[in-house]
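In what follows, a structure is listed as structure tokens, so that the remarks can point back to it.
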Amino acid sequence: MRTADLCQVCGTPRMDTVYMLAPVDQVNTMVEMYGGAVCSLRCARLTAAVCPHYTAAGSPIAIYAVPRHERVDLVGCDLDNDDEYDVDGLESVCVLTTC
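With the numbering used here applied, the sequence shown corresponds to residues 21 to 119, in that order.
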């Protein structure tokens, strides 16, 4: 199994559905997930609570359940460990307010 197939929060293999996060003010855009989507709602909530990217967003964080697909290299480091999803029109699983 490739490292790119593992959740980067807990290390669990990613299933057919993964969870990705986006500040609510980005819900009509393509969302780039540096580090990739995570394996569960639990890992998504943890990420929203502790990751500075989300805690400093100045916006509530929406979590989406999306189909897993091949990861890409968004930062140009020769590792396919990132995800990008078009969340326009998707319903979020939940919305979290971060502090």
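We put the CB at the ideal spot given by N, CA and C, even for glycine.
- Shown here for P43: same chain residues with a beta carbon closer than 8 Å to its own, the five before and five after excluded, namely Y74, A77, G78, S79, P80, I81, A82 in chain order.
- Going by beta carbons, C63 and T32 fall inside the 9 Å limit.
- Looking only at C27, D103, E111, S60, the smallest Cα-Cα distance to Y54 is reached by D103.
- In the DSSP assignment, V44 forms no beta bridge with any residue.
- V58 sits close to M40, with the two beta carbons spaced by under 9 Å.
- If you look at A69, you'll find it isn't in any beta strand (DSSP E); it sits in the alpha helix (DSSP H) that goes 61-70.
- Selection E111, S60, V107, A69 evaluated against T117 yields A69 as nearest (Cα-Cα).
- In the DSSP annotation of this structure, the continuous segment of the beta strand (DSSP E) that includes E104 starts and ends at 103-106.
- Nearest to V115 by alpha-carbon distance, out of L99, N48, R65, is R65.
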